[in-house]
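Input: a single structure, listed below in structure tokens.
Protein chains: 2
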Amino acid sequence: MLSQIDLSKSLPRDQYKWEKKELSLRLAALQRQLIVDGIPVVIVLEGWDGVGKGSLINSLIYNLDARSYRVIGKDLTGVEDFLILRKYWKNMPSPGNITLFDRSWNSKAIDEFILGEKADLHKLNRHLKSVKEFEKQIIDSGVCLIKVFFHMDSLSIEARFEEWLAEKERKHYVSKLDLKRHEHYDAYFSLYDRIIKQDYVSGNQWHLIPALDFNYAVIQFGEVLEKRLQVAINLKRNKPILSKSLSGKQNSFSGQTSLLSEMDLNHSLSKEDYKLALKERQRNLLLLEAKIRELGIPVVLLFEGWDAAGKGGAIKRLIKKLDPRGYQVIPVAAPNAVENLYHYLWRFWIKMPHEGQIKIFDRSWYGRLMVERVEGFCSDLEWQRAFREINQLESYLVNSGVHVLKFWIQIDKEEQLRRFEARKMDPEKQWKITDEDWRNRDKWDDYEIAVNDMLSLCNQTQASWNLIEGNCKYYARVKVLDEILKHFEKLLNV
Amino acid sequence: MLSQIDLSKSLPRDQYKWEKKELSLRLAALQRQLIVDGIPVVIVLEGWDGVGKGSLINSLIYNLDARSYRVIGKDLTGVEDFLILRKYWKNMPSPGNITLFDRSWNSKAIDEFILGEKADLHKLNRHLKSVKEFEKQIIDSGVCLIKVFFHMDSLSIEARFEEWLAEKERKHYVSKLDLKRHEHYDAYFSLYDRIIKQDYVSGNQWHLIPALDFNYAVIQFGEVLEKRLQVAINLKRNKPILSKSLSGKQNSFSGQTSLLSEMDLNHSLSKEDYKLALKERQRNLLLLEAKIRELGIPVVLLFEGWDAAGKGGAIKRLIKKLDPRGYQVIPVAAPNAVENLYHYLWRFWIKMPHEGQIKIFDRSWYGRLMVERVEGFCSDLEWQRAFREINQLESYLVNSGVHVLKFWIQIDKEEQLRRFEARKMDPEKQWKITDEDWRNRDKWDDYEIAVNDMLSLCNQTQASWNLIEGNCKYYARVKVLDEILKHFEKLLNV
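Chains A and B supply the protein sequences, listed in that same order. Every position in the first sequence, counted from 1, becomes a number in this note's numbering once 1 is added. Every position in the second sequence, counted from 1, becomes a number in this note's numbering once 1 is added.
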């Protein structure tokens, strides 16, 4: 498709000036509509070094309200993030805002493939797949995504580089990396071409713009934006309001309804055995933590379970002997006002671990598939989509080197009642039980359907559920620690 | 003071176990009260390497609710931030939460002074002064600040290091930096001692805890926390509710009331001269931006002014030719629900520039001294304190290498009316004018008093106000650019 672009197109200066003025006023008016309608917009700019993306952006944003757009270029700190997509999640626009990304979420992986020591096609393809999933996720959540590719031929780029390098004031435009990339123009060309074709087929097209004539490119770029923003606004205005989840409670989605009921909750452990077992494992966990830190491994430990199942208690024993500087507990409740402005996964993305960190999620993104589904806080379409989205998230984490361990702590309905009653009696634990806990309990059957769905459909081999029999707290706590130690044992030789 | 600590204190194991159990239950109960009362708590742990701060923290937090405290250790990424205090601002607890900082905001500066190539006493003292101001700011805003120093003598530390280094499982406890610091024990001792004494005098004391006997240290630490948290809760419960600002509007605080009225607003520029002048300056600004990026200079450009004074228009001309990847415009409106949980400066701290970044604030922290004061959104005490706090903030930025340029764009009341009316007529500008603008206009005289105060009291030489005569937009826009270019000209030789 790249080779079909007519690079001879150009625009005389007078026509350009007039058209640009009109266009940028129309874009400014559209921007105000975006704000009113609360549409988040992501614009991705890709193309050859030397096409002058900075100037192209500039010539169009002049009439936009600078308070509602952001341009994200490459990170000046030079720190490489092992989670490539984190940067893009972090900078997602809230409703009414525009984020322009200079270079796409593909570019780092492409550079690595072409310029790196070893061309790992498998890794590249995996990244491209994740990117496709990511794009679908944000589009599904209501983001207007506009991808633009500015094209030039190899000889013209070379000529432009030479021109710039000869001028004192422009010399700094051309970096060593730019020149190095240009040496591999053909390799980049065929890879971009492949990506552009594949994205075209999957309906998520790139807008290809000939950038040899600057004036022509500006107007083309502006017209693409205008057309796409107009479509986004029309779509939003005519969008049927999704009814909130109703079927969410009653119907099994997976057909799998007996996972929980098949668990044998009779496992138990005496207090003495428990104390002994705990002590030994906690010592081993401390060594494990040091190793994780030393090797720079990012870890996610995720806990879900019924109210009063013992999530907090298990976490407490897990961290008891750990160095508190090595882990962080992330309590998850209903999203706050700011979090609610974004994709439901956004608030988790910004809390993912860095190298050597252990993040312990006390509840998690599975809220989408439990409380939000059962209580109708999202539409049927939204929670049904979430099975796939969550699997994609977890795959991405694991493929990027994060160790993801998920725990479901199971108790039966009678045990929950016993614990609720006991909490009511204990002055030191009364604060732990609220009216909401009792209300949730009334919906036990609905939740059981939802949990069975989530345990069976979000259970990929690389991030499978550890089911913990929780009627005996002692047994449950020790089993959690055992699973964690077992997971790392072979790997790290702890 | 350090030399007066009795290091011989110890606690037998049985007594320790019993006391610790009681203590940690009481601390857990206090934590729940903190949540109810919405008190943010900052605990700073300082002391010699080898005292085992990790274990000390651990032994006490066991019964705390892990969802409401965080431990912040040293940054694993190893990136040094030129704004040392940014990390602490970023991790401020919201109401009801506890942040434990392992090592204090002094430690980096102290290491640099003792271990660095050149012992810069002036720099150290300046940092210690900033820290004192910072502590006062957070305490004034309602944070309960608890500072703890764990003490041991040099020989005992040495013995402990040797013991650890001999054990395979504990070898990694002792880092090279620990050993290096220990070589300079005496220098650290006298410096810490000086800081502890000074802080004692200024009423912001360190709790000194002998840490030779681990058991004794744990109980002491716990008792300090208990006592301090109890005091914080009592204070909060008995705190008089501050009446909102009433005198804020009518009375001049500085006695300086004529700064604005003395400005000569007759300056003007013809359209032709304007166009020519703009073009030249915008070209120079582009070169300046490249230089700023290249040299890694952090820049804050701050714009304040009446409604319709032309802040947006000036920013628009400023960024017109800039590379959009080099700057960011930060629009400032009323704080959102999350921002409202923190100190009023918090939301600005987290947006400060990094090296090579230009942050353009469209309105700023001066909201405290204008709209919040005049409308009574804060108490008299709060806005009166803000003159000092804002001066401290700006000094800190400048001393850390940030270039801070502040602009007040002035128009008179008649000119504002003309612009409001013109906006009402222009279909493309109608959105810019709201009922609030008209309401603010009614309070012109109150605002004039507030602005005169802020311009005269927050006008330190290193971050002084540029007063821009704004009745003629052309003149104002060119003058803004001139001031920016002039500021950097000599410095960067652009």
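The C-beta atom is built at its ideal place from N, Cα and C for all residues, glycine as well.
Going by beta-carbon coordinates alone, are residue i and residue j separated by less than 8 Å?
{"i": "LEU260(A)", "j": "ASN453(A)", "result": "yes"}
{"i": "GLY306(B)", "j": "GLN417(B)", "result": "no"}
{"i": "VAL405(B)", "j": "VAL301(B)", "result": "yes"}
{"i": "ASN392(B)", "j": "GLN461(B)", "result": "yes"}
{"i": "LEU26(A)", "j": "LEU61(A)", "result": "no"}
{"i": "ARG282(B)", "j": "ASP413(B)", "result": "no"}
{"i": "HIS152(B)", "j": "ILE58(B)", "result": "no"}
{"i": "VAL144(B)", "j": "PRO299(B)", "result": "no"}
{"i": "ASN107(B)", "j": "LEU122(B)", "result": "no"}
{"i": "GLN34(A)", "j": "ILE234(A)", "result": "yes"}
{"i": "GLU136(B)", "j": "ASN205(B)", "result": "yes"}
Closer than 8 Å, CB to CB, is residue i near chain A or not?
{"i": "ARG68(B)", "result": "yes"}
{"i": "LEU12(B)", "result": "no"}
{"i": "HIS173(B)", "result": "yes"}
{"i": "PRO332(B)", "result": "yes"}
{"i": "VAL399(B)", "result": "no"}
{"i": "GLY204(B)", "result": "no"}
{"i": "LYS474(B)", "result": "no"}
{"i": "LYS496(B)", "result": "A question about residue 496(B) goes unanswered here, because the residues of chain B that appear run from 2 up to 495."}
{"i": "ALA291(B)", "result": "yes"}
{"i": "GLN329(B)", "result": "yes"}
{"i": "ASP308(B)", "result": "no"}
{"i": "ASP363(B)", "result": "yes"}
Quick one: which chain B residues come within Cβ less than 9 Å of residue i?
{"i": "GLY314(A)", "result": "The premise fails here: GLY314(A) is roughly 11 Å from chain B at the closest Cβ pair, so nothing lies under 9 Å."}
Give the range of the beta strand (DSSP E) segment to which residue i is assigned.
{"i": "ASN467(A)", "result": "466-470"}
{"i": "ARG71(B)", "result": "70-73"}
{"i": "PHE102(A)", "result": "99-103"}
{"i": "ILE85(A)", "result": "It is not in any beta strand (DSSP E) - ILE85(A) carries neither H nor E in the DSSP assignment."}
{"i": "PHE304(A)", "result": "300-306"}
{"i": "ASP363(B)", "result": "359-363"}
{"i": "GLU47(A)", "result": "42-48"}
For residue i, return the contacting residues in chain B, with the cut-off set at a CB-CB distance below 7 Å.
{"i": "VAL72(A)", "result": "PRO325 and ARG326"}
Establish whether the CB of residue i and some CB of chain B are separated by less than 8 Å.
{"i": "TRP432(A)", "result": "yes"}
{"i": "GLY97(A)", "result": "no"}
{"i": "VAL52(A)", "result": "no"}
{"i": "ILE44(A)", "result": "no"}
For the alpha helix (DSSP H) that residue i lies in, which residues bound it at each end?
{"i": "ASP112(B)", "result": "108-116"}
{"i": "HIS488(A)", "result": "474-493"}
{"i": "GLY314(A)", "result": "312-320"}
{"i": "PHE378(B)", "result": "Counting along the chain, PHE378(B) falls outside any alpha helix (DSSP H), and DSSP gives it neither H nor E."}
{"i": "TRP347(A)", "result": "347-350"}
{"i": "LEU289(A)", "result": "272-296"}
Once the 5 residues before and after residue i are set aside, which same chain residues still bring their CB inside 6 Å of it?
{"i": "ILE140(B)", "result": "LEU146"}
{"i": "TYR397(B)", "result": "SER131"}
{"i": "LYS1(B)", "result": "What the structure shows of chain B is the stretch from 2 to 495, and residue 1(B) is not part of that stretch, so it cannot be assessed."}
{"i": "PHE349(B)", "result": "TRP366"}
What does residue i touch in chain A if you count any residue whose Cβ is under 8 Å from its own?
{"i": "GLU170(B)", "result": "LEU288"}
Residue i versus chain B: which residues are under 8 Å apart at the beta carbon?
{"i": "ARG33(A)", "result": "TRP432"}
{"i": "ASN295(A)", "result": "It is Glu, not Asn, that sits at residue 295(A) in the sequence shown. Those within 8 Å of GLU295(A) in chain B are HIS173."}
{"i": "ILE359(A)", "result": "Ordered by position in chain B, no residue passes the 8 Å Cβ test against ILE359(A), which lies about 11 Å from the chain."}
{"i": "ALA338(A)", "result": "ASN337, ALA338 and VAL339"}
Who are the Cβ neighbours of residue i in its own chain at under 8 Å, not counting the five residues just before and after it?
{"i": "TYR475(A)", "result": "SER269, LEU270, SER271, LYS272, ASP274 and TYR275"}
{"i": "LEU236(A)", "result": "none"}
Counting only the same chain and skipping the five closest in sequence on each side, list residues whose C-beta sits under 7 Å from that of residue i.
{"i": "SER142(A)", "result": "HIS344"}
{"i": "LYS312(B)", "result": "PHE304, GLY306, ASP363 and ILE410"}
{"i": "ILE316(A)", "result": "PHE304, VAL330, ILE361 and ASP363"}
{"i": "PRO94(B)", "result": "PRO41, VAL42, VAL43 and THR100"}
{"i": "ARG1(A)", "result": "Absent from the model: residue 1(A). The displayed extent of chain A is 2 to 495, so no value can be given."}
Output, in chain order, the set of chain A residues within a Cβ distance shorter than 9 Å of residue i.
{"i": "ASN59(B)", "result": "ILE320, LYS321, LYS322, LEU323, ASP324 and PRO325"}
{"i": "TYR367(B)", "result": "Within 9 Å Cβ-Cβ: nothing; TYR367(B) doesn't reach chain A, min ~17 Å."}
{"i": "TYR17(B)", "result": "Near TYR17(B) there are no residues of chain A at all, since even the closest Cβ is about 17 Å away, more than 9 Å."}
{"i": "TYR63(B)", "result": "LYS317, ILE320 and LYS321"}
Show which residues of chain A have a CB atom less than 7 Å away from the CB atom of residue i.
{"i": "GLY55(B)", "result": "ASP324, PRO325 and ARG326"}
{"i": "ASP103(B)", "result": "ARG326"}
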